[in-house]
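Quick notes on the structure that follows.
Numbering (the numbering used here), first residue to last: 13 to 502.
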C-alpha cells in the first residue's frame, strides 16, 4: 500500500520536519490552527517573486496543467532544441513529483534553478533543492543546481529593473548532491506515515517551530504543561537540555540551580508561580524620562521583494502612514494622523507631515526600536530633512525596555509584544474588533488600496481600516503608559 503513495515536494519537506504533521495535513487538516495572515501573505509573495524571476531567464516556456499532463509537456520541451528555458518543468522519480522553478540549457545538460523570495539561503532551502535534484536527474543530466534569491544590496535606480543584479545565483550543486541520498532513505517512512490510519507517535520538540511553526502546534501541545518552558525568556539550548534531562517541563518547576539562570528568568518563574503580576517600583523613575507634551508615535511600513521606488532595496521598509496621540500629563490633548493614499514614493510626505506636528520639545514615545529605525532610514533617504529627523529620533523614549525591565504578568506567556501586554494591563483592551489587526495585514491592505484596479469605494474603506489600526496602536501605548504609571493591571 505504501509503495503507491505519490509524494509531492511539499510532502517531503513536511515529512522532514515531522512525520506526524505530514499525516495530519493529509488526513486531519481540520485540526490545524486558523491560517496565519502573515504566513499566507508570505506564500503569496513567494509566488509573485517566482513569476518575476522568470525574467532572469528570458525566452522560456511555462508548463501548466495537471501533473501527468505537465510531465508529458516537459518531455516535449526538453527535446525541443529551440527552447532555452522551461518554467515549472514537471518530473517524477520513485514516486516523488516535483515542479522546477526554472530549468535552463547548459551545453549537453541543464541547470536547475530553485527561486527563493528571501535575501539569504537557509538549510531547508538546500533540502528543497536536493529533493528536486534527485528527481530531475532521473530524467535529464543536471550540470548545476542553483538556489536563486534576491540580492540584499541591489539598489533600484528608478529605470528598468536589472534582473541579473536583482537576483543572485548560488551554485549549491555539491551540497545538494551530498544531501540527496539521505533524503531518499527517509521516503519510505513518509509513505508509511501517509498511508497509516493513525498518525505516528512523535514527541513535541524543536521541530514544532523549526523551520516554521507547525499548524498543528496547539493540537499536539494540548494537555501539556500550563506554562511550558518556552515561556522562559532567552532560554538557551544547554538550559533546555539540562531541564529536559531532569524531566522538568513547566517553568514553575525551574530550580534555582539551573545553570546561568538570569535575574529576568528567575523573575518570570516567580511571577508565574505566584500567579500575580510583578511591578518594579523603579518603573516610576523610568517613566520620568517622558517629557510632556509627549507624542505617542507609530509607523506603518510596506516592504516588497521588488523595489518600487528609486534608491530602495528589496524588502526595504517604506513608511506610508503614522499615528500620533499627543499626551500632556497623562491626558490625550490631540490626535494627528497621516496616510499616503497613492502609489508614489510616500517617504517625503510622511516625513514632512510628521515634522509639522511634532516640532515641539516633548518626547517621542514608541514601543520597540522600530520607530527609531524608520526615522533613521528617512533621514538617510531625505538629506535635506536629515537634521530635523535625527532630532526627532533623539527624543524617543521606548516603552518596550521599560516594560521588560520593570513588569511581568503570567498572561504574557513569555511575550512582550504590545498585543500581549495590552490585555494584561488594560482590562478588555484588544485588537479583535478591528478589520486589520497586525502589520502584515496593514501592508496587504495598503497594496490593495493603491492598486489602480481597486474601486474607489473599496479604497476609501481600506483607508478607514488602516487609519483605525494605526490609531489603535498609539492609543494602546497611551493606555499602557497610564497603567504603568498608575499601577493598574488587568
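Glycine included, each C-beta is placed from N, C-alpha and C at the ideal position.
Considering only their Cβ atoms, is the gap separating residue 21 from residue 154 smaller than 7 angstroms?
no
Can you list, in chain order, the residues of its chain with a C-beta nearer than 6 angstroms to that of residue 181? Leave out the 5 residues immediately preceding and following it.
158 and 160
With respect to the alpha helix (DSSP H) encompassing residue 297, which residues constitute its N-terminal and C-terminal limits?
295 to 299
Excluding the 5 residues flanking residue 370 on each side, which residues of the same chain have their C-beta closer than 7 angstroms to its C-beta?
307, 336, 376 and 404
If we count Cβ pairs, one from each stretch, closer than 8 angstroms, do we get three or more for the region 449 to 464 versus the region 346 to 364?
yes
According to DSSP, is residue 377 part of a helix, a strand, or is it coil?
strand
Would you call residue 76 buried or exposed, if buried means 16 or more other Cβ atoms sit within 10 Å of its Cβ?
exposed
So does the region 323 to 332 actually touch the region 286 to 296, counting three or more Cβ pairs closer than 8 angstroms?
no
Proximity below 7 angstroms, CB of residue 135 to CB of residue 192
no
Residue range of the beta strand (DSSP E) that residue 219 falls in?
From DSSP, residue 219 is part of no beta strand (DSSP E); its letter is neither H nor E.
Give me whichever residues DSSP pairs with residue 168 in a beta bridge.
Paired residues: none, contrary to the question.
Other residues of its chain near residue 275: CB distance less than 6 angstroms, five sequence neighbours each side excluded:
none
May I ask you to list the residues that DSSP assigns as paired with residue 161?
180
Taking the alpha-carbon of residue 278 as reference, which of 19, 480, 114 and 417 has the nearest alpha-carbon?
417
Out of 185, 498 and 422, which one is the CA nearest neighbour of residue 141?
185
Taking DSSP as the reference, what is the three-state secondary structure of residue 10?
Nothing can be reported for residue 10, as the shown portion of the chain is limited to 13 through 502.
Cα-Cα separation between residue 254 and residue 174, rounded to whole angstroms:
51 angstroms
Around the Cβ of residue 345, are there at least 16 other Cβ atoms within 10 angstroms (buried) or fewer (exposed)?
exposed
With a threshold of 16 other CB atoms inside 10 Å of the CB of residue 27, please say whether the residue is buried or exposed.
buried
Beta-carbon proximity list for residue 13, same chain, < 8 angstroms, skipping 5 on both sides
Unreliable positioning characterises residue 13 in this predicted model, as indicated by a pLDDT of 39, which lies under 50. The coordinate reading is nonetheless provided below. Closer than 8 angstroms at Cβ, skipping near neighbours: 207.
For residue 436 versus residue 410, is the C-beta distance shorter than 7 angstroms?
no
Which runs of the alpha helix (DSSP H) spanning at least 4 residues fall entirely within the region 183 to 247, listed in chain order?
185 to 197, 199 to 207 and 229 to 233
With residue 334 and residue 310 assumed to form a contact (beta carbons below 8 angstroms), what rounded beta-carbon distance in angstroms separates them?
7 angstroms
Leaving out the 5 sequence neighbours to the left and right, which residues in its chain are closer than 7 angstroms to residue 388 when beta-carbon positions are compared?
405
Range of the contiguous beta strand (DSSP E) that encloses residue 121:
121 to 127
With DSSP as the reference, label residue 14 as helix, strand or coil.
Below a pLDDT of 50, predicted positions are generally treated as unreliable, and residue 14, at 45, falls in that range; the measurement from the model is reported next regardless. Reduced to three states, the DSSP call for residue 14 is helix.
Can you tell me whether residue 164 is buried or exposed, with buried defined as 16 or more other CB within 10 angstroms of its CB?
exposed
Using a Cβ-Cβ cutoff of less than 8 angstroms, which residues in the same chain neighbour residue 445 once the five nearest sequence positions on both sides are dropped?
none
According to DSSP, is residue 156 helix, strand or coil?
strand
Could you tell me which of 287, 252, 284 and 240 sits nearest to residue 270, measuring between CA atoms?
252
In the DSSP assignment, the alpha helix (DSSP H) including residue 481 goes from what residue to what residue?
468 to 498
Can you find the residues in the same chain that come closer than 8 angstroms, C-beta to C-beta, to residue 525, ignoring five residues on each side of it along the sequence?
Any question about residue 525 goes unanswered here, given that the chain covers just 13 to 502.
Determine, using beta carbons only, whether residue 357 and residue 321 come nearer to each other than 7 angstroms.
yes
Mind checking which residues open and close the beta strand (DSSP E) that includes residue 438?
From DSSP, residue 438 is part of no beta strand (DSSP E); its letter is neither H nor E.
Quick check: residue 448 and residue 441, are their CB atoms within less than 7 angstroms of each other?
no
Of the listed residues 258, 290 and 246, nearest to residue 272 (C-alpha basis):
246
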